[in-house]
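Below is one structure, written out as structure tokens, with a few remarks after it.
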Amino acid sequence: MSAPTAPPAAAARQNRVSRTPMQWLVLGLCAVFAVVMLAPFLLLVLNAFKSGADYSSGGPVAWPKSFTLDAFRDYMSMVDFPRALWNSILISTVVAFAGTGLALISAYAIGIGRVKGSAVILAVLLLATMVPHEALIYPLFYGAQETGTFNTVWSVIIIFTVLQAAFGTYLLSSVMSTVPKELLDAAGIDGAGRWTILWKIILPVLRPTLSVLVVFFFIWTWNEFYIPVVLLSDASSQTVPIALSTLRGQHSIDITTLNAGSLLSLLPTLVFFLIFQRTLSHGVTAGSIK
Amino acid sequence: MTTLRKAGALLGVAALALATFGCGGGDDGGSGDGKTLRIVQYENPTSAQGQGWQKALEIFKQKHPDVEVKFEQTSFDAARQNAKITLSGNDVPDVVEFNKGNADGGQLAAQGLLEPLTEQVTKYGWDKKVTGAMSAFAKYSEDGYAGDGEWYGIPNIGEYVMFYYNKELFTKAGITTLPTTQAEFEAAMDKLIAAKIIPISSSAATSQGFNQMWVWYSLVSAQASRQQIDDFMFVRQPVDFKAAPWGDGTRKFQEWIDKGYVGDKLGGLSFEQATVNFLSGKAAMLIWNNGEFARIRKDAKFDWDYFTMPGANMTMGSSGHLWGVPAKASNKELAYEWIDTTLSPEVQNEIGKLGGLPLAGDASVITDPITKKFTERFNELVQADTLTFYPDYPVPGFLDFIQQHMQAMSNKNETADQYIDTLQKFYDDGKGK
């Protein structure tokens, strides 16, 4: 989103006086677009601080008569949020780093090393990420039960480390195949072994891509619902999205509490994104200019 | 480079953790020592039933001080989606709450995942408390059809569908007496339209827009007999949807849409938005069940009351969700005692006082007049055996099918006769016997 706005802004700074009507138009459109993008989030914030009666009489869009923290209080009393937050952070962090690490190692073998049938291996890995989770759930459930990890966060950590690493391997191995062969040859002549090449040559080159993977894996794992909801039925191992889903009845919804809960659930990912957004935007464009 | 080292360290930790847990084996679930009771349910803890169960927990713990009770909260959707998987595992709860109907409870019973309760029902006398139509979805045949066979579930409460109405808007439109027949009801709605007030707040989004479906099925129920509903619901006799009550009810439904009784632009609205439209005074009535009773009491800024469909033979309504004991549960005796505790007079009356429509409560102990009247009306309907359940129970996938057609009819893309034709086909293909 920031890419298209950058050139007109830069041009304006150089030459403040002459902003052409076209540039004003683009700026205006960008502002409208930003508001439209933010609107659902703003609505969520607004309704999280409304009282139930205010919401019922005015609807979601109306400005409330007073702001209240009741919805947050209700949410905290109905759900063990700190516990769910800790579980989510633990699962997402471990998966993000372990998945990226595993992907790096396996991609090194496929992208740099020579493995017979590497294309087939990649296809299989890609397939694993494309199969709907519903199709995987029975084997995963029985697997978790046999290993004694059912109802513990470790079942979910293992599964998502593998699933995310499968995607990561596919991505990284194709990035690694673009690393110039001369670089590797030069390192080899200098006496670097395979291990040294991975840590000293490949890793620094791929760092931006790896950071993006860590961020993506974190957010994807954070938002996962289906597999965790099956494997983590116990309240003590629930994640944030599952805790949130317990608020929904069949024939009644407490909208303000749901909004408060959603806002609380969203904040950690938002904070995470803000901290890492520099790495993110760097990583996305990394390799585009060579 | 430091972040990398950290990453490496974390990787090591993770690997270690995997190794430990991999070798750990794990416990074999409940050991059946009669010392633990694990309950998994999905009722909102602030609802009448949820609070009643808190009381049941107190009573149970007093009676069994040496038993560790785990009372776990899950969601309706999660319980519904996962019941088959989790109940087939080793580590199953001792008591579960599950959804009634052939597609949910019926499947669990047919696959042998639930323990038949018939023996316990006689032993504890639960059939004295759960009677008539309220017990219909507690029993399933070997093939998983509701209506008769062994008992697999025990409901605690019931529910019924009503029209909540805004007294101030009724007065404004010049409606002085409440309608007692369908003709009077339509005349009242004509007056509301003349006063530029939307008569019924409704919704027809394919996801969560259930109000139109309830209007339609209420109109069908209004002309139906017990026999006709049971044939449809329990797939006993072939159903001719062109004939009464189906054909007439559906055509009446189209008439109501065309006359604007249910408002317009319903295709994107959910039941939550329909409720807000009623509470904000945009519409004079809301069709819904007791699920929003407590909220309307709390949030309505106007004088309100409610009535069931005027002049109707039968009314939409059913028993609540069911308690079941998984076939693999290890502490079944405690599970039966828990179910019995939730049907005890103390717990049932507590649910009743909070407006939760208990099946075995005593309405005379309720002091609040609105709640009392509301409960007495329910007891009347149960005693007369005129509740018609929800229309999506008989066939798997029926809810999505009905919702799509409710949306099409509300958008005036489909006529009553077109709907009846596809409904006939879907029902006959899907009923499976």
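Chains as they are written, first to last, in our numbering: chain A, 790 to 1079; chain B, 33 to 465.
Ideal Cβ placement from N, Cα and C applies to all residues, glycine included.
- Taking the Cα positions, asparagine 188 of chain B is about 35 Å away from phenylalanine 838 of chain A.
- Sequence-ordered contacts of the region 97-112 of chain B with chain A read Glu104, Gln105, Thr106, Ser107, Phe108, Asp109, Ala110 [C-beta pairs closer than 7 Å].
- Taking a C-beta cut-off of 7 Å against chain A, the contacting residues of the region 115-127 of chain B are Ile117, Thr118, Gly121, Asn122, Asp123, listed in chain order.
- At a cut-off of 7 Å, the C-beta of serine 312 of chain B has a neighbouring C-beta in chain A.
- In this structure, glycine 133 of chain B lies away from glutamate 382 of chain B, with their beta-carbon atoms at least 7 Å apart.
- Sorting A:Phe1065, A:Ser1041, A:Gln1066 by C-alpha distance to the C-alpha of glutamate 191 of chain B places A:Ser1041 at the top.
- Looking at B:Lys204, B:Thr150, B:Ala88, the one whose alpha-carbon comes closest to that of aspartate 335 of chain B is B:Lys204.
- Judged by DSSP in its simplified three-state form, leucine 833 of chain A adopts helix.
- Of the residues A:Ser881, A:Thr967, A:Ile990, the one whose Cα lies closest to the Cα of leucine 952 of chain A is A:Ser881.
- In terms of Cβ geometry, alanine 359 of chain B and glutamate 147 of chain B form a close pair [threshold 7 Å].
- Taken through DSSP and simplified to helix, strand or coil, phenylalanine 421 of chain B comes out as strand.
- Distance from the Cα of valine 1003 of chain A is smallest, within the candidate group A:Leu893, A:Ala842, A:Phe822, A:Phe861, for A:Leu893.
- Boundaries of the beta strand (DSSP E) harbouring methionine 317 of chain B: 315-321, taken from the DSSP string.
- Here alanine 165 of chain B is not near glycine 179 of chain B, since their CB atoms are 7 Å or more apart.
- Assignment of beta-bridge partners to arginine 872 of chain A by DSSP yields no partner.
- Secondary structure of phenylalanine 334 of chain B (DSSP, three-state): coil.
- For lysine 204 of chain B, not one C-beta of chain A is nearer than 7 Å to its own C-beta.
- An exposed status is given to leucine 1059 of chain A, since fewer than 16 other beta-carbon atoms sit within 10 Å of its beta-carbon.
- In the three-state DSSP reduction, glycine 349 of chain B falls in the strand class (E or B).
- For glutamate 191 of chain B, the enclosing beta strand (DSSP E) covers residues 190-198.
- Straight-line measurement puts the Cα of glycine 323 of chain B at about 13 Å from the Cα of phenylalanine 406 of chain B.
- For leucine 140 of chain B, the enclosing alpha helix (DSSP H) begins and ends at 139-142.
- The beta carbon of alanine 1024 of chain A sits closer than 7 Å to some beta carbon of chain B.
- Taking 7 Å as the CB threshold, methionine 867 of chain A lines the interface with chain B.
- In the DSSP assignment, leucine 354 of chain B is bridged to B:Phe130, B:Pro187.
- Think of a sphere of 7 Å around the beta carbon of arginine 1037 of chain A: the chain B residues whose beta carbon falls inside it are Ser107, Phe108, Asp109, in chain order.
- Within the region 830-847 of chain A, the residues whose Cβ lies closer than 8 Å to some Cβ of chain B are Gly841, Ala842, Tyr844, Ser845, Ser846, Gly847, listed in chain order.
- Contact with chain A is absent for lysine 360 of chain B, since none of that chain's Cβ atoms lies less than 7 Å from the residue's Cβ.
- A direct Cα-Cα distance of roughly 44 Å separates threonine 213 of chain B from alanine 1049 of chain A.
- When only Cα atoms are considered, aspartate 869 of chain A and serine 79 of chain B end up about 18 Å apart.
- Interface criterion not met: the Cβ of serine 807 of chain A is under 7 Å from no Cβ in chain B.
- Listed along chain B, no residue sits closer than 7 Å to glutamine 1066 of chain A by beta-carbon distance, the nearest being about 16 Å off.
- Within chain A, the C-beta atoms nearer than 7 Å to that of proline 77 of chain B come from Met867, in chain order.
- Take phenylalanine 242 of chain B, set aside five residues on each side of it, and the residues of its chain with a beta-carbon closer than 6 Å to its own are Phe303, in chain order.
- In the structure shown, alanine 227 of chain B falls within a coil segment according to DSSP collapsed to helix, strand and coil.
- Within the region 319-335 of chain B, the residues whose Cβ lies closer than 9 Å to any Cβ of chain A are, in chain order, Trp320, Asn321, Asn322, Gly323, Glu324, Ala326, Arg327, Ile328, Lys330, Asp331, Ala332, Lys333.
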